[in-house]
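Residue numbers (my numbering): -7 to 375.
Rendered as structure tokens:
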């Protein structure tokens, strides 16, 4: 059992009456799209039907290395075929929590692939082209993502604007949105150009909100390790330009934080938690945005103009699924943000949505999130 958590109980209180508030809010989420196969690598298969799996990435790596000069075979067990992509997974998680939204991306052509039919009723699906594919090979200590994403090149300013009736249609879509989430820059070769056109043709024409609520923009670059450093720098230079129209949050994991620091010539130091906090501060100051969120396996932190809180996550030693955990964190964080939560409460909602998902392999409803937060708050959640 864990210690009780006052911040989890504060986040729980923040969700009081959230159903009615969310019903009147809107989100736009995209712009990628994948069909994910969730795989495990078979270790042994017995005649009685018992199957065991290779537990760690390091153990699989040893076996792959031993095959050098010889060749070998690995059996993959498919545990699930599901919708994928940072945008669709985040959208599906938000829809399960009750937020009405539009999910756009390369979800299939001419219609969306059947896996996207599983998205919650709160999600309107708009496809921009052929869907991509990922094989996610999962282990107890992480995952290896094998991605075929050539179809992502079909997501362009032209395909996006055409789907919504041009720049005027996009302006109307963004105007009514409390949250816009533009995810997976690394997989979308034309995302930087889309950001440039949005800043030139859509953002300056967004009307002032009469209800006084902020428009939130959540950006998830995804893993940029295969992207040219010059391209990454150009994308990062654009982030501050959104701040004239949105309260901007950049969400990254610990590995991505290191890559962004390197690209910008920045450094960080300390143990994991101190390093992530310092990295979030350095990136926020350089990029000129409201928030930089860094989520690790066991905790998350966010740098704002006034504080750098850190929240421990409900770590699962034996997750049922890990692919999509970060997208569920982003969904929980963003949902709390549009409900006016404090940065610490946003982190708590993020780690709770993610923690529920990796334990159950399903996105929580708002009622399930409340119950999960109560168990964290009361210290009754087992490892």
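Cβ coordinates follow ideal geometry from the N, Cα and C atoms, glycine included. None of these values were measured; they are calculated from a predicted model.
Relative to the C-alpha of residue i, which candidate in the options has its C-alpha closest?
i	options	result
residue 168	94, 300, 109	94
residue 159	142, 195, 131	195
residue 296	305, 286, 290	286
residue 389	307, 313, 330	The requested residue 389 is not part of the displayed model; the chain covers only -7 to 375.
residue 309	198, 149, 350	350
residue 202	193, 170, 129	170
residue 102	70, 139, 142, 155	155
residue 140	175, 117, 109, 179	179
residue 251	52, 221, -3, 289	221
residue 107	80, 274, 91	80
residue 145	128, 246, 121, 138	121
residue 188	214, 165, 131, 149	149
residue 256	263, 278, 14, 37	278
residue 142	68, 105, 131, 181	181
residue 214	-3, 247, 235	247
residue 17	109, 190, 373, 327	327
residue 253	274, 234, 245	274
residue 192	218, 200, 110, 234	234
residue 294	263, 259, 334, 258	334
residue 355	249, 110, 135	110
residue 69	42, 245, 13, 58	42
Would the beta-carbon of residue i fall within 9 Å of that of residue j?
i	j	result
residue 243	residue 347	no
residue 324	residue 76	no
residue 29	residue 73	yes
residue 281	residue 232	yes
residue 208	residue 299	no
residue 353	residue 313	yes
residue 237	residue 198	yes
residue 147	residue 97	yes
residue 283	residue 239	yes
residue 161	residue 153	yes
residue 6	residue 332	yes
residue 165	residue 20	yes
residue 174	residue 61	no
residue 130	residue 206	no
residue 37	residue 11	no
residue 371	residue -5	yes
Between residue i and the rest of its own chain, which residues show a CB-CB distance below 6 Å, the 5 nearest in sequence each way excluded?
i	result
residue 3	337, 340, 341, 365
residue 100	119, 123
residue 321	287, 342, 346
residue 216	178, 224, 251
residue 163	194, 197
residue 0	340, 365, 368, 369
residue 377	The requested residue 377 does not occur in the structure, where the chain is confined to residues -7 to 375.
residue 311	350
residue 272	284, 286, 293, 295
residue -3	368, 369
residue 249	271, 286
Near residue i, which residues of its chain fall below 8 Å by C-beta distance, leaving aside the five closest residues on each side in sequence?
i	result
residue 184	177, 223, 226, 227, 230
residue 357	88, 89, 90
residue 362	4, 7
residue 13	331
Keeping to the same chain, check which residues put their C-beta closer than 7 Å to that of residue i; ignore five residues upstream and five downstream.
i	result
residue 112	84, 87, 88
residue 291	265, 302, 303, 304, 305
residue 115	83, 84, 87, 93, 95
residue 26	76, 77, 123, 124, 125, 126
residue 261	267, 270
residue 137	126, 128
residue 133	48, 49
residue 219	178
residue 135	128, 129, 314, 315
Taking 8 Å as the cut-off, does the CB of residue i come closer than this to any heavy atom belonging to the ligand GDP?
i	result
residue 360	The ligand GDP is not part of the structure shown, which contains no ligands of any sort.
Problem set entry | Continuous alpha helix (DSSP H) assignments of at least 4 residues falling wholly in the region 229 to 287 | 246 to 256, 264 to 279
Problem set entry | Three-pair Cβ contact test at 8 Å for the region 16 to 33 versus the region 45 to 59 | The region 16 to 33 makes contact with the region 45 to 59, as at least three CB pairs between them are under 8 Å.
Exercise. For the region 274 to 357, which segments carrying the alpha helix (DSSP H) assignment without a break, of at least 4 residues, lie completely within its bounds, in sequence order?
Worked result: 317 to 330, 335 to 352
Exercise. Curious, which full-length alpha helix (DSSP H) runs of at least 4 residues does the region 154 to 238 contain?
Worked result: 158 to 167, 183 to 189, 221 to 231
Exercise. What residue ranges within the region 63 to 122 form continuous alpha helix (DSSP H) runs of no fewer than 4 residues, ordered along the chain?
Worked result: 78 to 88
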